[in-house]
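Novice: Quick one: the structure is below, questions incoming.
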DNA sequence: GATAAGTTGTGAATATATTCACGACAATTG
DNA sequence: CAATTGTCGTGAATATATTCACAACTTATC
Ligand SMILES: NC(=O)c1ccc[n+]([C@@H]2O[C@H](COP(=O)([O-])OP(=O)(O)OC[C@H]3O[C@@H](n4cnc5c(N)ncnc54)[C@H](O)[C@@H]3O)[C@@H](O)[C@H]2O)c1
Ligand SMILES: NC(=O)c1ccc[n+]([C@@H]2O[C@H](COP(=O)([O-])OP(=O)(O)OC[C@H]3O[C@@H](n4cnc5c(N)ncnc54)[C@H](O)[C@@H]3O)[C@@H](O)[C@H]2O)c1
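Residue numbers (the numbering used here), protein chains in the order written: chain A, 14 to 225; chain B, 14 to 225.
Structure (structure tokens):
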């Protein structure tokens, strides 16, 4: 079932965005939408949107646009919105706590099921309805979880990563500045907030004017 | 001085990463580094690293590698590490508080100077050494700040953006799911955490095995 | 039912980014 | 000082992504 390996990465990264926006349209009772309208709302060129959709076949109708409900149903299946993906969070500090309180509950198929920390002051509490366990219990509790959010101090990142991989995790959303090393069947997405901020500032200074 | 518009965007986004890693090497007392070593550490192909550096001229020596101190000095200038860029943060909630406590203090040229919120319970306090003002004071206090981090509820995003633009801000790091509309001389970087998590899950399921 | 307006899907063109592969030179070693 | 090893810088090849531009079709209008 998986591996329609012909969807370009750039397209795949936009899919959740499309899904969320279509969901909003649906809630607003809209039944029809054009690539032009989508483009204005999510700031992606309309030709890019049509191209993205076309990888999945002909989802629209010429001269009409796209049927919101149909498209939404299609993306729901494509993005596996029906099967839930449990996620664990490691490191209940500033960032970790923010994520637990938020917990991606709006229209998502992902939910943080449990969190781990080394600090006894945090262990045993519920934060945002998620239980916080001691990091020593990682191996015994992570038996069914394949995805993790990493928000520990950078010094701990590689060591915790190794333990996560050992438990069978194969996707990590890494917020630490460490470029962690993993086996090649584990997927890591880095979100490096300090780099994002610095890069914004660099672009502001060196690429004036034109939106790109 | 600015607008050496020949540095590719993909390269520009990696510069802060290079800078941070070179800084670490320097602190460790290393004086020499090769593109291969850099590659192993930050997981960017060594040819890409050499290509990136080459846009700035010949910074290395054949058969030798790069001199850490020289390269670091070069990037310090390129990334304007000496002039400080003040930043404001709008919305002192879960995420906003995490950022204030962290405040990008490690080796950076960026610092959050002030924060704003609409909630009187938050106004008047210092969080992570940053004063929190009422959002009504935005216009009078933002006279010298050109960059903002946006962590308000999605419903407020566009309205606050308009006010920020009005005060002269030309760079926004937007954490809300809203794709905000700005004049074309304002740069917006979206960091959409829900999309990042969903896209990680999508990749895990549909692009098994190979690291790419 | 003819005309006008709107929209898709996609071939082709273009733009951007990565990677290969190698000549040229530096440093080290015996 | 010759041989070996390591490394850069970059032309060329390849890969990936975006954008243009238009035939084909739908819908709405009169
Ligand atoms: N907070 C931010 O705004 C921000 C911005 C950029 C990057 N980061 C990065 O995100 C990561 C987390 O940042 P933070 O501000 O939340 O840090 P933090 O210090 O507030 O939180 C780290 C948490 O990890 C826990 N911890 C430490 N060692 C552990 C271990 N071995 N096992 C399990 N838990 C452990 C600590 O008890 C703490 O609760 C850091 O790597 C930081 O560099 C944070
Ligand atoms: N926390 C997360 O993990 C997370 C994840 C993904 C996206 N986001 C997005 O980031 C944004 C912030 O999330 P959060 O969890 O920190 O929300 P939050 O509700 O905890 O914080 C929002 C803050 O904005 C303040 N605020 C409301 N209206 C304002 C106004 N008009 N002017 C100034 N301040 C105002 C509120 O008082 C509050 O302190 C949201 O848009 C959310 O969708 C958050």
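Every residue, glycine too, gets a C-beta built ideally from N, C-alpha and C. This one's a predicted model, so the numbers in the text were calculated from it and none came from an experiment.
Should residue 17 of chain B be labelled buried (16 or more other beta-carbon atoms within 10 Å of its own) or exposed?
Specialist: Confidence is the limiting factor: at residue 17 of chain B the pLDDT is only 48, short of 50, which leaves the residue's position unreliable, though a coordinate-based value still follows. Result: exposed.
Novice: With DSSP run on the structure shown, which of helix, strand or coil describes residue 115 of chain B?
Specialist: The answer is helix: DSSP assigns residue 115 of chain B an H, G or I state.
Novice: Of the residues that make up the stretch 176-193 of chain B, which ones have a beta carbon closer than 9 Å to any beta carbon in chain A?
Specialist: Correct list: 183, 184, 185, 186, 190, 192 and 193.
Novice: What residues from the stretch 107-130 of chain B come within 8 Å of chain A, judged by C-beta to C-beta, listed N to C?
Specialist: Those would be 107, 108, 110, 111, 112, 114, 115, 117, 119, 121, 122 and 123, in chain order.
Novice: For residue 215 of chain B, go through chain A and note every residue whose CB falls closer than 8 Å to its CB, in chain order.
Specialist: Ordered by position in chain A, the residues that pass the 8 Å Cβ test against residue 215 of chain B are 25, 28, 29, 92 and 93.
Novice: Answer yes or no: do residue 164 of chain B and residue 213 of chain B have a C-beta to C-beta separation smaller than 8 Å?
Specialist: No. Outside cutoff.
Novice: Report all residues from its chain with a CB closer than 8 Å to the CB of residue 83 of chain A; omit the five preceding and five following residues, and keep chain order.
Specialist: Cβ within range, chain order: 72.
Novice: Go to residue 185 of chain B, then tell me how far its alpha helix (DSSP H) extends in each direction, as first and last residue.
Specialist: Where residue 185 of chain B is concerned, there is no enclosing alpha helix (DSSP H), although the beta strand (DSSP E) it sits in stretches over 184-187.
Novice: Cβ-heavy atom distance between residue 24 of chain A and ligand 1 below 7 Å?
Specialist: No; taking the cut-off as 7 Å, the Cβ of residue 24 of chain A has no heavy atom of ligand 1 nearer than that.
Novice: Could you tell me which whole beta strand (DSSP E) segments of length 3 or greater appear in the stretch 155-225 of chain B?
Specialist: Within the stretch 155-225 of chain B, the complete beta strand (DSSP E) runs of at least 3 residues are 160-163, 184-187 and 200-203.
Novice: Would you be able to state if there are at least three C-beta pairs under 8 Å between the stretch 45-59 of chain A and the stretch 21-35 of chain A?
Specialist: These segments touch.
Novice: Going by beta-carbon coordinates alone, are residue 39 of chain B and residue 92 of chain B separated by less than 8 Å?
Specialist: Cβ atoms of residue 39 of chain B and residue 92 of chain B: not closer than 8 Å.
Novice: How about the stretch 166-184 of chain A and the stretch 138-147 of chain A: do they share at least three Cβ pairs that are nearer than 8 Å?
Specialist: Because the criterion of three Cβ pairs below 8 Å is not met, the stretch 166-184 of chain A and the stretch 138-147 of chain A do not touch.
Novice: Based on Cα-Cα distance, which residue from B:179, B:210, B:42 and B:95 lies nearest to residue 159 of chain A?
Specialist: Ranking B:179, B:210, B:42 and B:95 by Cα distance to residue 159 of chain A puts B:210 first.
Novice: Looking at the structure shown, is residue 86 of chain A part of a helix, part of a strand, or coil, going by DSSP?
Specialist: Residue state, collapsed to three classes: helix.
Novice: Just reading off the beta strand (DSSP E) that residue 130 of chain B is part of, what are its end residues?
Specialist: First-last of the beta strand (DSSP E) with residue 130 of chain B: 123-130.
Novice: If you follow the alpha helix (DSSP H) that residue 51 of chain A is part of, which residue opens it and which one closes it?
Specialist: Its alpha helix (DSSP H) spans residues 48-55.
Novice: Establish whether the CB of residue 140 of chain B and some CB of chain A are separated by less than 8 Å.
Specialist: False, the Cβ-Cβ gap to chain A never drops below 8 Å.
Novice: Any C-beta of chain B within less than 7 Å: which residues of the stretch 40-57 of chain A qualify?
Specialist: Answer in chain order: 54, 55 and 56.
Novice: Using 8 Å as the threshold, is the stretch 172-188 of chain A in touch with the stretch 61-75 of chain B, meaning 3 or more CB pairs across them?
Specialist: The stretch 172-188 of chain A is not in contact with the stretch 61-75 of chain B.
Novice: Considering residue 71 of chain A, what are the terminal residues of the beta strand (DSSP E) in which it resides?
Specialist: Unbroken run through residue 71 of chain A: none, as it is neither H nor E.
Novice: Label residue 48 of chain B either buried or exposed according to how many other C-beta atoms from any shown protein chain fall within 10 Å of its C-beta, with 16 as the threshold for buried.
Specialist: Burial call: buried.
Novice: Which partner residues of residue 80 of chain A appear in the DSSP bridge assignment?
Specialist: In DSSP, residue 80 of chain A forms a bridge with A:45.
Novice: Label residue 224 of chain A either buried or exposed according to how many other C-beta atoms from any shown protein chain fall within 10 Å of its C-beta, with 16 as the threshold for buried.
Specialist: Confidence at residue 224 of chain A is low in this model, with a pLDDT of 42, below 50, so its placement is unreliable and the value that follows should be read with caution. When all chains shown are included, residue 224 of chain A counts as exposed.
Novice: Around the C-beta of residue 157 of chain B, are 16 or more other C-beta atoms found within 10 angstroms, so that it is buried, or is it exposed?
Specialist: Residue 157 of chain B comes out exposed.
Novice: With which residues is residue 110 of chain B paired in a DSSP beta bridge?
Specialist: In DSSP, residue 110 of chain B forms no bridge with anything.
Novice: Please return the same chain residues whose Cβ sits closer than 7 Å to the Cβ of residue 98 of chain B, not counting the five positions on each side in sequence.
Specialist: Excluding positions up to five away in sequence, the list reads 122, 123 and 160.
Novice: With distance defined between alpha-carbon atoms, name the residue in A:53, A:90 and A:52 nearest to residue 69 of chain A.
Specialist: Measuring from the Cα of residue 69 of chain A, the nearest candidate turns out to be A:90.
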